[in-house]
Amino acid sequence: MIISASRRTDIPAWYSEWFFRRLREGYVLVRHPMNYHLVSRIALNPDVVDGIVFWTKNPAPMLDRLGALEGYPCYFQVTLNAYGRDVEPNVPPKGEIVLPAFQALSRRLGRERVCWRYDPIFLSERYTAEYHCRYFERLAQRLHPYTELCTISFIDYYRGTRRRLDPLGEREIPRGEAVELASRMAEIAARYGLALYTCAETLDLERFGIRHGACIDRLRLERISGARLEIGPAVSQRPSCGCAESVDIGMYNTCCGGCLYCYANHNQKRVEQNRATYRPDSPLLCGELMPEDRIVERAVYSCRNEQLSLFGEEKTL
Numbered sequence: 000m001i002i003s004a005s006r007r008t009d010i011p012a013w014y015s016e017w018f019f020r021r022l023r024e025g026y027v028l029v030r031h032p033m034n035y036h037l038v039s040r041i042a043l044n045p046d047v048v049d050g051i052v053f054w055t056k057n058p059a060p061m062l063d064r065l066g067a068l069e070g071y072p073c074y075f076q077v078t079l080n081a082y083g084r085d086v087e088p089n090v091p092p093k094g095e096i097v098l099p100a101f102q103a104l105s106r107r108l109g110r111e112r113v114c115w116r117y118d119p120i121f122l123s124e125r126y127t128a129e130y131h132c133r134y135f136e137r138l139a140q141r142l143h144p145y146t147e148l149c150t151i152s153f154i155d156y157y158r159g160t161r162r163r164l165d166p167l168g169e170r171e172i173p174r175g176e177a178v179e180l181a182s183r184m185a186e187i188a189a190r191y192g193l194a195l196y197t198c199a200e201t202l203d204l205e206r207f208g209i210r211h212g213a214c215i216d217r218l219r220l221e222r223i224s225g226a227r228l229e230i231g232p233a234v235s236q237r238p239s240c241g242c243a244e245s246v247d248i249g250m251y252n253t254c255c256g257g258c259l260y261c262y263a264n265h266n267q268k269r270v271e272q273n274r275a276t277y278r279p280d281s282p283l284l285c286g287e288l289m290p291e292d293r294i295v296e297r298a299v300y301s302c303r304n305e306q307l308s309l310f311g312e313e314k315t316l
């Protein structure tokens, strides 16, 4: 089983204390996103967890406790992009906090375990294609010693996204303009030795050296752990998603970043209500168990092939 922590909220930035307590206690409770009173109990023991993928805009709160991840193959997806407080109001200053935290994380874990995300890309009166290219190069200059790759994607319009971005003068990106921008970013990435991938994009950009990526990357986890994982593709994601199957332990409407393009927060009032119920010692990310809840033990198991190493050789005892 691969744990996603999380597509639904920024656990490292806002809920790291809760996450480390869950690891220590060996399980987590997760509400079904479409059936509120159906709660899964998910084991978090190293014998069933084949890897953990973290998604964050600020890994700094986890830096002092990375030792607790020993025994868990893991890597981080860290988003660093061009936007300021007008778009990401609660993300800490990037040059002073997020970028140094990215570098420190890489020094501790290694370049292969810290992936840079520059997404989602949208255009507006302020955030023009030229602006993105300038900022992307500035980041590439500072990040390339600390990561192997960058993943990009163009904005998708989820519920409320366009309404929230309208005051910024955001506009749709024609296909040709998106291709041109991606090609320029590919040239920049190549100058700094960074592989460039897309996330869930239908655009074919391979002629620029940009391949379709997998954010939940089986091959990366195999490389980190040294074990072959017999796990299939994700079935609950978009058709263009290249991710492996995973179990997400987050909760929608709990991220405090306030990013205008966010798909995981549908209602700011709900976010505030959920955040008010957060307790680091609770098995649920936010809220309490209710009498009408039904708790189901989720069947989880390791997908490691115990007979073969990553290179197809028999293990020796």
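Read the sequence shown against numbering that gives the first Met the number 0 and you will find it ends at 316, with the numbers running on by one and no gaps.
Ideal Cβ positions, reconstructed from N, Cα and C, are used throughout, including at glycine.
The continuous alpha helix (DSSP H) containing Tyr134 extends over residues 128-142. For Pro279, the CB contacts under 7 Å within the same chain, skipping 5 residues up- and downstream, are Glu16, Trp17, Arg20 in chain order. Check the Cα spacing between Tyr117 and each of Val52, Glu169, Ile187, Met61: the tightest is with Ile187. Beta bridge pairing from DSSP links Arg303 with Leu228.
Here the region 104-118 lies against the region 209-223, with 3 or more beta-carbon pairs under 8 Å apart.
Taking the Cα positions, Gly249 is about 34 Å away from Tyr191.
Counting C-beta pairs with one atom in each stretch, the region 170-188 and the region 221-236 have fewer than three that are closer than 8 Å, which means they do not touch. For Gly50, the enclosing beta strand (DSSP E) starts and ends at 50-55. Bounds of any beta strand (DSSP E) do not take in Gln236, whose DSSP letter is neither H nor E.
Taking C-alpha positions only, Pro99 is separated from Arg293 by approximately 43 Å. Between the beta-carbon of Ile10 and that of Phe75 there is about 11 Å, and that puts the pair past the 8 Å contact cut. In the three-state DSSP reduction, Thr253 falls in the coil class, being neither helix nor strand. The beta-bridge partner set that DSSP reports for Phe75 consists of Phe53, Val113.
DSSP links Phe153 through a beta bridge to Ile120. Secondary structure of Arg278 (DSSP, three-state): coil. For Ser3, the enclosing beta strand (DSSP E) covers residues 1-4.
Rounded to whole angstroms, Leu43 and Leu62 show a C-alpha spacing of 20 Å. When C-alpha distances from Arg183 are compared across Asp155, Tyr130, Arg30, the shortest belongs to Tyr130.
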